[in-house]
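>
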Amino acid sequence: MIAILCNHLFFTIHCNMFTFQKGEKLKSRKTIGKLFTEGKSFISYPIRFVWVKMESPLSEFPIQMALTVPKRSFPKAVNRNRLRRRIRESYRLNKHSIYTKLSSSSGQYGIMLIYIARETLDFHQIEEGIKKGLRKLPHRL
RNA sequence: ACUGCAAACCGCUCUAUCGUUUUGCUAAGCAAUUAGCGAAAAGGAAAGUCCGGACAACGUAGAGUACCACACCACCUAACGGAUGGGGUUUUUUUAUUAUCUUGAUAAUAAAGAAAUACAGAUAGUGUCGCAGAAAAUUACCGCCCUGAGCAAUCAGGGUAAGGGUGAAAACGUGCGGUAAGAGCGCACGACUUUUCCAAGUAAUUGGAAAAGUGGAUAAACCUUGUGGGUUGAAAUGCCACGUACAUUUCAGUUUUCCUUUUUGGAAAGUGGAGUUGCUCGCUCCAUUGUCUUGAAUUUUUGAGACAGCAGGAAGGGGUAGGCAGAUUGGGUUCGUCGGUAACGAUGAAACUAGAUAAAUGAUAGGGGCUUUUGUUUUGCUUUUGAGCGAAAUUGAGGUUACAGAAUUCGGCUUACAGGUUUGCAGUUUUU
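Below, the structure is given as structure tokens:
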């Protein structure tokens with residue numbers, strides 16, 4: 148009995164650490180449309196954070212995330228893919244800080260990360276922006 | 001050895017940590033699913049979406065027409081506008097021969113090599129042809145000749161296209177005959193086109209002979225001939241689940257005739273609408289029904305109007321946008337053998353090698369290889385003894401790149417590309 152409980156605890160902690168699963172992806176078209184019409188935002192260079200509170204949670208995670216790189220500033224699909232992977236990787240490595248702060252408060256939030264820089268930055272610069280934004284975000288919610 | 005061009009091939013690699021997608025086994029769970037251990041995971045162009053297929057949906061018989069594509073021959077292919085081989089034409093280089101004169105140039109012919117080529121028809125018809133020139137396709141400016149008028153200069157009418165001039169191109173070139181002057185008007189030689197015959201070749205075509213002819217260019221102007229083509233594309237399409245509104249506005253039709261009549265039913269035409277692969281004809285289908293008010297006629301007929309219904313068109317609006325199949329084993333890949341000049345075909349063996357869907361295939365750190373550059377050491381050549389050029393070793397600092405990311409799938413084409421390897425051709429330098 149205790150072993151099963153411990154096992155279960157380990158699973159939850161492990162899941163929240165560094166993985167990025169399907170339930171954390173924002174897929175609902177309704178929520179994305181709502182983000183663009185009534186979402187609030189701030190800028191933590193080179194990323195713009197847009198968020199909105201959802202009425203009913205779609206999964207057990209406190210945040211569902213989507214990310215975009217505008218086609219206008221990066222017309223080649225290769226560059227867009229590279230930036231999208233760097234942003235997702237840095238979000239995956241740093242999201243645990245905001246998960247611990249939000250687990251107590253109820254409700255689920257949808258977040259959209261928009262890349263606003265004009266040139267392709269390397270991984271460390273993007274990670275700095277993500278870290279700063281994730282520190283700021285809990286105070287604004 | 002270096003440089004340039006063309007073709008073919010390659011398109012950095014290994015380890016650790018943390019992750020993503022699909023999947024095999026094991027365990028847990030009713031199940032959804034979760035965990036552990038493994039396996040696989042983006043290119044030569046995945047790009048452009050330019051051709052051609054596979055596959056799917058959309059036809060109530062059929063016909064005509066429009067539109068589009070292609071165009072020397074053979075062959076390959078599931079198919080192609082693609083590939084392979086051959087032929088013609090044009091341009092160019094080299095060599096040889098002949099002719100001319102300015103004696104080293106020009107022109108012609110032949111052979112060899114290279115490059116280009118949307119390469120059916122200009123003798124079906126219509127159109128166009130800048131500038132110059134009289135005239136750009138039945139033309140006549142200066143000329144030449146004949147006739148008439150006039151003393152003459154010249155004028156009028158007609159014939160001609162030899163000569164001049166313009167042009168990229170002026171109705172085949174040279175010579176002789178011929179003529180009032182001329183003209184392929186006639187003849188000889190030659191050039192070119194078409195047809196027929198003979199020879200070579202599967203054929204395009206080439207060589208020879210004969211006959212007819214002399215026609216400007218342009219079809220990447222319209223067009224003609226021949227061949228082929230239905231349209232739309234995986235957001236296709238099928239199934240399951242969930243959900244919603246035959247609710248709103250608006251448009252047009254609802255007529256006539258005939259047959260049988262107990263009610264009523266049936267048929268034809270017209271009108272309106274829908275389907276019919278772009279259009280037209282034709283074809284198929286649907287609606288054409290009832291109630292009320294009022295007028296005429298007079299006891300069941302008819303005219304007008306209103307309302308509802310019917311089968312539709314248009315506008316605007318509402319709902320959903322989840323899952324499974326399609327969908328990853330294929331005209332495929334690799335390695336052999338045989339046939340073919342080659343594209344390719346036949347046959348044998350082996351392996352299974354992406355399948356996402358707000359869209360996986362990544363991030364970080366370190367090493368190896370490659371490469372750029374700084375310093376030091378050794379060494380070769382040149383030498384004006386200052387140095388310059390090259391090679392090797394070592395050390396430090398960088399870079400690891402270019403073009404570019406599967407989206408149903410296959411064969412091609414086109415375009416982009418850092419760096420490297422091989423082959424061929426051309427040029428320069430050095431040595432023999």
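Under my numbering, the first residue of the first sequence is numbered 148, with each subsequent residue one higher. Think of the CB as a built atom: it goes at the ideal place given N, C-alpha and C, for glycine as much as any other residue. Keep in mind it's a predicted model, so treat the numbers as computed, not measured.
1. Quick one: give me the first and last residue of the alpha helix (DSSP H) that Val-225 is part of.
2. Can you tell me which of the three DSSP states Tyr-246 falls into?
3. Measuring alpha carbon to alpha carbon, tell me which residue in Phe-208, Gly-180, Ala-213, Pro-209 is nearest Phe-196.
4. Run the CB neighbour count on Lys-242, radius 10 Å, all protein chains shown included, and call it buried at 16 or more, exposed below.
5. Around the Cβ of Gly-276, are there at least 16 other Cβ atoms within 10 angstroms (buried) or fewer (exposed)?
6. At which residues does the alpha helix (DSSP H) containing Gly-276 begin and terminate?
7. Hey, Ile-234 and Leu-260: beta-carbon distance below 7 angstroms or not?
8. Which partner residues of Ser-191 appear in the DSSP bridge assignment?
9. How would you label Pro-222, buried or exposed, when you count the other beta carbons within 10 angstroms and need 16 or more for buried?
10. In the DSSP assignment, find the beta strand (DSSP E) that holds Leu-260 and state where it starts and stops.
So, from the data block:
1. The residue given as residue 225 occupies position 78 in the first sequence. Residue range 224-241 is occupied by the alpha helix (DSSP H) that includes Val-225.
2. In the first sequence, residue 246 corresponds to position 99, counting from 1. It is helical.
3. Taking the first residue of the first sequence as 1, we reach residue 196 at position 49. If we check each option's Cα against that of Phe-196, Ala-213 comes out closest.
4. Start at 1 with the first residue of the first sequence, and residue 242 comes out as number 95. With 16 or more other Cβ atoms within 10 Å, it is buried.
5. Numbered from 1 along the first sequence, position 129 holds the residue referred to as residue 276. By the 16-neighbour rule on beta-carbons within 10 angstroms, Gly-276 is buried.
6. Numbered from 1 along the first sequence, position 129 holds the residue referred to as residue 276. Element bounds for Gly-276: 270-287.
7. In the first sequence, residue 234 corresponds to position 87, counting from 1. In the first sequence, residue 260 corresponds to position 113, counting from 1. Cβ atoms of Ile-234 and Leu-260: closer than 7 angstroms.
8. Position 44 of the first sequence, counted from the start, is the residue given in the question as residue 191. In the DSSP output, where bridge partners are listed per residue, Ser-191 has Ile-194.
9. Numbered from its first residue, the first sequence carries residue 222 at position 75. Under this definition Pro-222 is an exposed residue.
10. Translated into positions along the first sequence, residue 260 becomes position 113. Segment 256-262, the beta strand (DSSP E) holding Leu-260.
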